[in-house]
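Peer 1:
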Amino acid sequence: MIRNKLSTSMAVGAVLWGMILAGAGLAQSKPPVIITGLSGISGLAMVKLIEEPLIGGRPVTHSILKSPDLLMGKLITGAVDLAALPINTAAILYNKGVSIQVAAVIGWGVLYLVGDTELKDWIDLKGKKILVPAKGAVPDLLLRYLLLKNGLNPERDLTIQYVGSPVELARLSAAGEVSLAVLPEPWATEVIARNSKNKLLLDFQREWQRIENQGQTYPQTCIVVNKSFAGSNPEFVDCYLKELEGSIRWLNENPQQAGILAEKYVQIWSNTIQKGLPRCNIRFEPGFKAQGKIEHFLSRLAELEPNAIGEKIPDEGFYYQP
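Here it is, written out as structure tokens:
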């Protein structure tokens, strides 16, 4: 009797173990989910997940790219399932017919005026020269918008000069070759750390809130999902978004550990993250819940340059609905 019970238990155990192995094998047999971010802030939000081989039982592959153009190319060809990128870039791609949807907003403005000049307010920029990364990009457009709202004409009242990238501008600023620079975090913090004469002079986010009478700042960075992938894998997408929300919460609560991962994966100095993380404004909000804020921000960009959002505000299909 005991032997029969033992044999039965062993048989049941073998069946259960076989089912577990089969389930694991099924998960592993599915192609990995391709998730991509950019070095810097857009990749920082997902940094805790980069070392995870499985999410929601599915194999995942994270990659961090240095070139926004390379990421756009991968989204256009459908080579990426989920990606972190600027919200206006997502709008441009969507308006060009690329099958993506905004799943979440993860970055809420990271722009600051840094320099070695004494300033008290925006009006003090009259007659100054400001260096900005990339003409027509968000830093340039938002600077121009805030200047206009403060009674300054960007074309007549001051000089705006352009540098190829935030990295190059940060190098010039840290070397003392630039008096005033518009820089995103984490480069703003890095420049101040490298050159004690530099300091944060103006906060774009705070000024946006004042001018727009908003309780929070503007949505700058988002997670997009390939629409076809989302339709076939809704459970995974929802699971990943929950994991990402947890990753962002962990990031904000553990700046020292986050700094170690940031230096390893997204080319940001560990010390920079520890000092500048509160100004990175990384926070999770589902895309469909942030629709009004996204449309408001995009409309302001379009006032200055319609091409910066793909010439029109995206329709309802731009937002992923869980």
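Under numbering that gives the first Met the number 0, the first residue of the sequence shown carries the number 0, and numbering increases by one thereafter.
Don't be surprised by glycine CBs; every beta carbon is placed ideally from N, CA and C.
Anyone know if the C-beta pair for residue 112 and residue 179 falls short of 8 Å?
Peer 2: Yes, these two residues count as a Cβ contact at 8 Å.
Peer 1: Considering residue 101, what are the terminal residues of the alpha helix (DSSP H) in which it resides?
Peer 2: Taken as a continuous stretch (DSSP letters only), residue 101 belongs to no alpha helix (DSSP H), being part of the beta strand (DSSP E) at 99-106.
Peer 1: Pair every Cβ in the region 215-227 with every Cβ in the region 89-107, then say whether three or more of these pairs are closer than 8 Å.
Peer 2: Touching, yes, given that three or more Cβ pairs across the two stretches are closer than 8 Å.
Peer 1: Give the DSSP bridge partners of residue 132, in chain order.
Peer 2: For residue 132, which the question treats as bridged, DSSP gives the partners 162.
Peer 1: Taking the beta strand (DSSP E) that residue 83 belongs to, which residues open and close that run?
Peer 2: That run of the beta strand (DSSP E) goes 81-85.
Peer 1: Does the Cβ of residue 167 have 16 or more other Cβ atoms within 10 Å, making it buried, or fewer, making it exposed?
Peer 2: Exposed, because fewer than 16 other Cβ atoms sit within 10 Å of the Cβ of residue 167.
Peer 1: For residue 299, collect the residues of the same chain with a Cβ closer than 7 Å to its Cβ; drop the 5 residues on either side in sequence, then sort them by chain order.
Peer 2: Excluding sequence neighbours, residue 299 sits near 144.
Peer 1: What does the Cβ neighbour count give for residue 172, buried or exposed, with the cut at 16 atoms within 10 Å?
Peer 2: Residue 172 should be labelled buried.
Peer 1: What whole-angstrom Cβ distance do residue 260 and residue 65 have, given they're in contact under 8 Å?
Peer 2: Actually they do not touch by this definition, with Cβ atoms about 17 Å apart.
Peer 1: How about residue 216 and residue 108: do their beta carbons lie closer than 8 Å?
Peer 2: Yes; because the gap between Cβ atoms is below 8 Å, this pair is in contact.
Peer 1: List the endpoints of the continuous alpha helix (DSSP H) containing residue 67.
Peer 2: Taken as a continuous stretch (DSSP letters only), the alpha helix (DSSP H) holding residue 67 covers 67-76.
Peer 1: Just the C-alpha distance for residue 296 and residue 313, rounded to the nearest angstrom, thanks.
Peer 2: If you take the alpha carbons of residue 296 and residue 313, they lie about 12 Å apart.
Peer 1: Return helix, strand or coil for residue 320, following the three-state DSSP convention.
Peer 2: Residue state, collapsed to three classes: coil.
Peer 1: What three-state label does DSSP hand residue 198 in the structure shown?
Peer 2: Correct three-state label for residue 198: strand.
Peer 1: Could you have a look at residue 183 and say whether DSSP puts it in helix, strand or coil?
Peer 2: Here residue 183 sits in strand by DSSP.
Peer 1: Enumerate in chain order the residues of its own chain whose CB-to-CB distance from residue 281 is below 8 Å, with the five nearest sequence positions on each side excluded.
Peer 2: The answer, listed in chain order, is 40, 43, 44, 105, 106, 107, 247, 250, 251.
Peer 1: I'd like to know whether the C-beta atoms of residue 177 and residue 110 end up nearer to each other than 8 Å.
Peer 2: In this structure, residue 110 does not lie closer than 8 Å to residue 177 by Cβ.
Peer 1: Consider the Cβ of residue 97: report whether some Cβ of chain D lies at a distance smaller than 8 Å.
Peer 2: In the displayed structure, chain D is absent; only one protein chain is listed.
Peer 1: Which of the three DSSP states is assigned to residue 327 in this structure?
Peer 2: Outside the displayed span of the chain (0 to 321) sits residue 327, for which this structure offers no information.
Peer 1: Using the Cα positions of residue 294 and residue 286, report the straight-line distance between them to the nearest angstrom.
Peer 2: Using only the alpha carbons, I get a separation of about 11 Å.
Peer 1: Residue 302: buried (16+ other C-beta within 10 angstroms of its C-beta) or exposed?
Peer 2: Label assigned to residue 302: exposed.
Peer 1: Under the assumption that residue 137 contacts residue 87 (Cβ atoms under 8 Å), give the Cβ distance between them as a whole number of angstroms.
Peer 2: About 6 Å separates the two Cβ atoms, so the contact holds.
Peer 1: Please go through the same chain and pick out, in chain order, the residues whose beta-carbon is closer than 8 Å to the beta-carbon of residue 198, but skip the five residues on each side of it.
Peer 2: Result list for residue 198: 113, 114, 115, 191, in chain order.
Peer 1: For the putative contact between residue 85 and residue 220, defined by C-beta atoms under 8 Å, what is the C-beta separation to the nearest angstrom?
Peer 2: The pair is a contact, with the Cβ atoms about 6 Å apart (cut-off 8 Å).
Peer 1: My understanding is that residue 34 touches residue 68, with C-beta atoms under 8 Å, so please give their C-beta distance in whole angstroms.
Peer 2: Not quite, the Cβ-Cβ distance comes to about 19 Å (not below 8 Å), so this is no contact.
Peer 1: In angstroms with no decimal places, state the Cα-to-Cα distance between residue 262 and residue 272.
Peer 2: Each residue's alpha carbon lies about 9 Å from the other.
Peer 1: Report the three-state DSSP secondary structure of residue 287 (helix, strand or coil).
Peer 2: Here residue 287 sits in coil by DSSP.
Peer 1: Assuming residue 91 contacts residue 129 (C-beta within less than 8 Å), just tell me the rounded distance between them.
Peer 2: Not confirmed; about 25 Å, so no contact.
Peer 1: Whose C-beta lies closer than 6 Å to the C-beta of residue 321 among residues of the same chain, with five residues either side of it excluded?
Peer 2: These residues qualify, in order along the chain: 237.
Peer 1: Determine the burial state of residue 306: buried for a count of at least 16 other Cβ atoms within 10 Å of its Cβ, exposed for fewer.
Peer 2: Answer is exposed; the Cβ neighbour count stays below 16.
Peer 1: With which residues is residue 114 paired in a DSSP beta bridge?
Peer 2: 179, 198.
Peer 1: What residues are listed by DSSP as bridge partners for residue 58?
Peer 2: Answer is 53, bridged to residue 58.
Peer 1: Could you have a look at residue 224 and say whether DSSP puts it in helix, strand or coil?
Peer 2: If DSSP states are grouped into helix, strand and coil, residue 224 belongs with the strands.
Peer 1: Compute the beta-carbon to beta-carbon distance between residue 239 and residue 55, rounded to the nearest angstrom, for a pair I have assumed lies under 8 Å.
Peer 2: Yes, they are in contact, since the Cβ atoms of residue 239 and residue 55 sit about 7 Å apart, within 8 Å.
Peer 1: Buried or exposed for residue 309, please, with buried defined as at least 16 other CB atoms from any protein chain shown within 10 angstroms of its CB.
Peer 2: Residue 309 is buried by the Cβ-count criterion.
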